[in-house]
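Enquirer: Please see the structure below; I have some questions.
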Amino acid sequence: MPQETRRRWLQRGLLALPAALAGCVAPAGSALGFSARKNRAQWEYHNRFLASGARLRFRSHSAHGRPFTSGMEYVYRTHKRDPRIGYAVKNLATGRYLAEFQADKLFVGGSMPKPAVAAVLLEKRRGHLTREEFQNVVYACDLSRNESWYYLMARLTSADERYFERKYHLPDVQILNNSQSPRFYAEFYERCVNYRLDYGCELLLEAMRRDQYGLGRWVMPASITYIGGKTGNYGEWDHESLFFYHRNTPYAIVLYTRGGFAPRNELGCMMGGLFWEYCA
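In mature numbering (1 follows the signal peptide of the UniProt record, and there is no 0), the protein residues as written are -30 to -1, 1 to 250.
Put into structure tokens, the structure is as follows:
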């Protein structure tokens, strides 16, 4: 084979390699290392999401670094074992839970399940969404649009949800019927941050990093530049959750509440208190 022809053949083979890897997806929990999983997810992000013409709308932003005051700490200490709440704090590198309280209790999720609904659709379609579907994933995650949430759910069944939970060894909750637990979302964030979902990890992470709501990030150090999450509220239900890197270690904090627990800044106090006690 002439040298020039051989060179072109090798170049074509190398260019095709990411696509071949993406098409031969290893099962969840396979021996693929973190770097390989991340590279695969980033290839998918650029060659499916961005190539579709859909776009993220906002920039990601850091934690804000405002003081965690003595008054906020008082609210946290007073309500740390309030029966109306449940929370989980997890080190996503080691898999160890640093704090749990009613972590398996089911709560009406409000808008909390929107990223998980998007993940179920990405799994069902093996990452091949239309431009409109990709854009609705973004709308559901960054500004929490209900119309986009309903749009995504209309394309799913309870069988899709059960398959997703079993495949990724997630707690058996009701994603589509909007009933989840703190442990479910801590585990979901672990799968995303460690690139253990076979489809859509980079898109989900980047979309949730552009979430426009949330109070906990205000009292975390401004040195935390990689941070994202989801909030939810509906009637008596108020929830907040975050994933982030602090000193090169990934964490998740998930807080669910009920009974009108948070009429003011209680969510921010609780999230900040959990961070400063267990992650800082």
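Beta carbons: idealized from backbone N, C-alpha and C, even for Gly.
Is the segment 4 to 23 touching the segment 188 to 205 in the sense that three or more CB pairs, one from each, lie closer than 8 Å?
Expert: No, the segment 188 to 205 does not touch the segment 4 to 23.
Enquirer: Note down the Cα distance separating Leu(-10) from Ala11, rounded to an integer number of angstroms.
Expert: Residue numbering aside, residue -10 sits at position 21 when the sequence shown is read from its first letter. Residue numbering aside, residue 11 sits at position 41 when the sequence shown is read from its first letter. Note that Leu(-10) scores 37 on pLDDT, short of 50, meaning its location in the model is unreliable; the coordinates nonetheless yield the value given after this. For Leu(-10) and Ala11, the distance between alpha carbons rounds to 10 Å.
Enquirer: Can you tell me which of the three DSSP states Lys200 falls into?
Expert: For the purposes of this step, residue 200 is taken as the residue at position 230 of the sequence shown. Residue state, collapsed to three classes: strand.
Enquirer: Express the C-alpha separation of Thr201 and Asn116 in angstroms, rounding to a whole number.
Expert: Numbered from 1 along the sequence shown, position 146 holds the residue referred to as residue 116. Numbered from 1 along the sequence shown, position 231 holds the residue referred to as residue 201. Cα to Cα, the separation comes out at about 13 Å.
Enquirer: When the Cα of Val90 is compared with those of Met123, Trp207, Pro191, which residue comes out closest?
Expert: To locate residue 90, count along the sequence shown from 1; it is residue 120. When only C-alpha atoms are compared, the closest one is Met123.
Enquirer: With distances taken from CA atoms, which of Ser114, Gly23, Thr127, Gly229 is nearest Gln182?
Expert: Your numbering for residue 182 matches position 212 in the sequence shown. When only C-alpha atoms are compared, the closest one is Ser114.
Enquirer: Hey, quick one: how far does the beta strand (DSSP E) through residue 266 stretch, first residue to last?
Expert: One cannot answer for residue 266 here, as it falls past the ends of the chain, which runs -30 to 250.
Enquirer: Going by DSSP, what residue range makes up the beta strand (DSSP E) through Asn164?
Expert: The residue you call residue 164 lines up with position 194 of the sequence shown. Here Asn164 belongs to no beta strand (DSSP E), and DSSP marks it neither H nor E.
Enquirer: For Ser211, which option in Phe77, Tyr226, Thr219 has the closest C-alpha, if you only look at C-alpha atoms?
Expert: For the purposes of this step, residue 211 is taken as residue 241 along the sequence shown, with counting starting at 1. For the residues Phe77, Tyr226, Thr219, the minimum Cα distance to Ser211 belongs to Tyr226.
Enquirer: Kindly identify the DSSP beta-bridge partner or partners of Val78.
Expert: In the sequence shown, counting from the first residue as 1, residue 78 sits at position 108. Per DSSP, Ser149.
Enquirer: For Pro37, count neighbouring Cβ atoms within 10 angstroms of its own Cβ and tell me buried if that reaches 16, exposed if not.
Expert: Taking the sequence shown and counting its residues from 1, one reaches residue 37 at position 67. When all chains shown are included, Pro37 counts as exposed.
Enquirer: Going by C-alpha to C-alpha distance, which of Met240, Trp188, Ile223, Leu244 sits closest to residue 280?
Expert: Because the chain is modelled from -30 through 250, residue 280 falls outside the range shown and cannot be assessed.
Enquirer: Are there three or more Cβ pairs, one per stretch, closer than 8 Å when the segment 161 to 171 is compared with the segment 230 to 240?
Expert: Because the criterion of three Cβ pairs below 8 Å is not met, the segment 161 to 171 and the segment 230 to 240 do not touch.
Enquirer: Whole angstroms are fine: how far does the CA of Tyr67 sit from the CA of Asn61?
Expert: As a first step, residue 61 is located in the sequence shown; it is residue number 91 there, counting from the start. As a first step, residue 67 is located in the sequence shown; it is residue number 97 there, counting from the start. Taking the straight line from one Cα to the other gives about 6 Å.
Enquirer: Excluding the five sequence neighbours on either side, which residues of its own chain have a C-beta within less than 7 Å of the C-beta of Pro191, listed in chain order?
Expert: For the purposes of this step, residue 191 is taken as the residue at position 221 of the sequence shown. Correct list, in chain order: Ala33, Gly35.
Enquirer: Assuming the contact rule is C-beta atoms closer than 8 Å, Ala88 and Ala73 should be a hit. Round their C-beta distance to whole Å, please.
Expert: Stepping through the sequence shown from its first residue, residue 88 is reached at position 118. Stepping through the sequence shown from its first residue, residue 73 is reached at position 103. About 23 Å separates the two Cβ atoms, so there is no contact after all.
Enquirer: Leaving out five residues before and five after Glu97 in sequence, what residues of the same chain have Cβ atoms less than 7 Å from its Cβ?
Expert: Against the sequence shown, residue 97 aligns to sequence position 127. A quick correction: the sequence has Gly, not Glu, at residue 97. Answer for Gly97: Glu14, Arg18, Tyr169, Gly170, listed in chain order.
Enquirer: Looking at the secondary structure, which residues open and close the beta strand (DSSP E) in which Val143 lies?
Expert: Locating residue 143 in the sequence shown gives position 173, counting from the first residue. No beta strand (DSSP E) contains Val143, which DSSP labels as neither H nor E.
Enquirer: Just to confirm the assignment, what range does the beta strand (DSSP E) spanning Glu210 have?
Expert: Along the sequence shown, read from residue 1 onward, the residue named residue 210 stands at position 240. Element bounds for Glu210: 207 to 216.
Enquirer: For Met20, tell me which candidate among Glu103, Phe77, Lys50, Gly56 has the shortest Cα-Cα distance.
Expert: Start at 1 with the first residue of the sequence shown, and residue 20 comes out as number 50. Checking the sequence, you will find Leu at residue 20 rather than Met. When only C-alpha atoms are compared, the closest one is Glu103.
Enquirer: From Val108, Tyr159, Thr100, pick the residue whose C-alpha is nearest to that of Arg214; which is it?
Expert: Translated into positions along the sequence shown, residue 214 becomes position 244. According to the sequence shown, residue 214 is Phe rather than Arg. Closest by alpha carbon: Tyr159.
Enquirer: Which residue wins for smallest C-alpha separation from Gly205, given the options Gly242, Phe134, Phe77?
Expert: Start at 1 with the first residue of the sequence shown, and residue 205 comes out as number 235. Answer by Cα proximity: Phe77.
Enquirer: Distance check for Glu247 and Met178, CA to CA, integer angstroms please.
Expert: As a first step, residue 178 is located in the sequence shown; it is residue number 208 there, counting from the start. As a first step, residue 247 is located in the sequence shown; it is residue number 277 there, counting from the start. Met178 and Glu247: Cα-Cα distance of roughly 24 Å.
Enquirer: If you check the beta carbons only, do Pro53 and Ile145 fall under 8 Å apart?
Expert: Locating residue 53 in the sequence shown gives position 83, counting from the first residue. Locating residue 145 in the sequence shown gives position 175, counting from the first residue. Cβ atoms of Pro53 and Ile145: not closer than 8 Å.
Enquirer: Per DSSP, what kind of secondary structure is Phe38 in: helix, strand or coil?
Expert: The sequence position of residue 38 within the sequence shown is 68, counting from 1. It is coil, neither helix nor strand.
Enquirer: Can you list, in chain order, the residues of its chain whose CB lies under 7 Å from that of Glu135, leaving out five sequence neighbours each side?
Expert: Taking the sequence shown and counting its residues from 1, the one referred to as residue 135 is at position 165. Counting only Cβ-Cβ distances below 7 Å, and skipping sequence neighbours, we find Asp142.
Enquirer: By Cβ distance below 6 Å, which residues in the same chain neighbour Pro220 in space, the five residues on each side in sequence not counted?
Expert: The residue you call residue 220 lines up with position 250 of the sequence shown. Answer for Pro220: Leu62, Ala63, Val163, listed in chain order.
Enquirer: Just checking my contact of Asp112 with Phe28 at CB under 8 Å: how many whole Å lie between their CB atoms?
Expert: Residue mapping note: residue 112 aligns to position 142 of the sequence shown, counting from 1. Residue mapping note: residue 28 aligns to position 58 of the sequence shown, counting from 1. Right, their Cβ atoms sit about 6 Å apart.
Enquirer: Please return the same chain residues whose Cβ sits closer than 6 Å to the Cβ of Ala69, not counting the five positions on each side in sequence.
Expert: Working through the sequence shown from its first residue, we reach residue 69 at position 99. Once the five neighbours on either side are set aside, the close Cβ partners of Ala69 are Val59, Tyr248.
Enquirer: With distance defined between alpha-carbon atoms, name the residue in Trp119, Tyr57, Asn106 nearest to Gln150.
Expert: For the purposes of this step, residue 150 is taken as residue 180 along the sequence shown, with counting starting at 1. The residue with the shortest Cα to Cα distance from Gln150 is Tyr57.
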